[in-house]
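> Before I ask anything, let me first share the structure, which is written out below as C-alpha cells.
Residue numbers (the working numbering): -1 to 189.
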C-alpha cells in the first residue's frame, strides 16, 4: 500500500554540520506538542554536540592537552566554593585591599593622577569622586584597619593642581618675571 505521510526519512547532515531530517525539513509542519517539541530539540542538540566532539576527537584536537593524565592541582580534601576566585586572584596577581587601605593608597596617588589631567572640570570631578568614596567608607561598617583618610578640600586641591601645572609649563631656565611673554608655536606643545 501507500507509505504514511508521517514517516520520518533518514537523517541527513546539514551543510553546517548539524543533523537534519532531509532536504525538506524546513517546510515540514511540526505536529508535536510544545513539551514534546522541546524534548526533541534538546535531543537533537545533544546529538549535534556529540557529533562535534566525536569529529574533534578524530581530528586529534584533544591530544596533548596541558595537564592531560595528571591530577588537578590544589584539589584539596575539603570543598571550597570560592576555589576558582582564589585561583584567579593568584594567577592574575590581583591585590584586594580593605576600603581603608585602598583609600590611603588612592589619596597618596591622587596628586599624580590629577597632574595627568589637563582640564580643571575633570580635576574637580576626580576630587569629588574621591571625597564621595571616603564619605561612603566612613558611614559603612569598618573592615580592616581604621579609616584615617579624610576628604579633600576641592578648592584647595584644584589650587595646588594649578600651581603644579604652572610649574610644569614654565621652563626652568627662563626667568618668570620677564616683561615679554614666551610665545609658543602651536606645533611645539609642552606638557
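Glycine included, every Cβ here is placed at the ideal spot set by N, Cα and C. Quick caveat: nothing in here was measured; it's all calculated off a predicted structure.
1) Please classify residue 159 as buried or exposed, where buried requires at least 16 other C-beta atoms within 10 Å of its C-beta.
2) Who are the near neighbours of residue 113 in its chain, counting only those whose CB is closer than 8 Å to its CB and skipping five residues on each side?
3) Reducing DSSP to helix, strand and coil, say where residue 50 ends up.
4) Within its chain, find whatever has a CB closer than 8 Å to the CB of residue 86; leave out the 5 residues flanking it on each side and keep chain order.
5) Using three-state DSSP, classify residue 114 as helix, strand or coil.
6) Please state the DSSP three-state secondary structure of residue 59.
7) Using 10 angstroms around the beta-carbon of residue 121, count the other beta-carbons present and answer buried if the total reaches 16, otherwise exposed.
8) Please go through the same chain and pick out, in chain order, the residues whose beta-carbon is closer than 8 Å to the beta-carbon of residue 127, but skip the five residues on each side of it.
9) Measure the alpha-carbon distance for residue 98 versus residue 125 and round it to whole angstroms.
Based on what the coordinates show:
1) Position 161 of the chain shown holds residue 159. Classification of residue 159: buried, given that the 10 Å Cβ count is 16 or more.
2) Position 115 of the chain shown, counted from the first residue, corresponds to residue 113. Excluding positions up to five away in sequence, the list reads 159, 162, 163 and 166.
3) Translated into positions along the chain shown, residue 50 becomes position 52. Helix at residue 50.
4) Along the chain shown, read from residue 1 onward, the residue named residue 86 stands at position 88. Correct list, in chain order: 92.
5) Locating residue 114 in the chain shown gives position 116, counting from the first residue. Coil.
6) Residue mapping note: residue 59 aligns to position 61 of the chain shown, counting from 1. Coil.
7) Here residue 121 corresponds to residue number 123 of the chain shown, with the count starting at 1. Looking at its Cβ environment, which holds 16 or more other Cβ atoms inside 10 Å, residue 121 is buried.
8) For the purposes of this step, residue 127 is taken as residue 129 along the chain shown, with counting starting at 1. There are no such residues.
9) As a working mapping, residue 98 is identified with position 100 in the chain shown. As a working mapping, residue 125 is identified with position 127 in the chain shown. Distance between the alpha carbons of residue 98 and residue 125: 17 Å.
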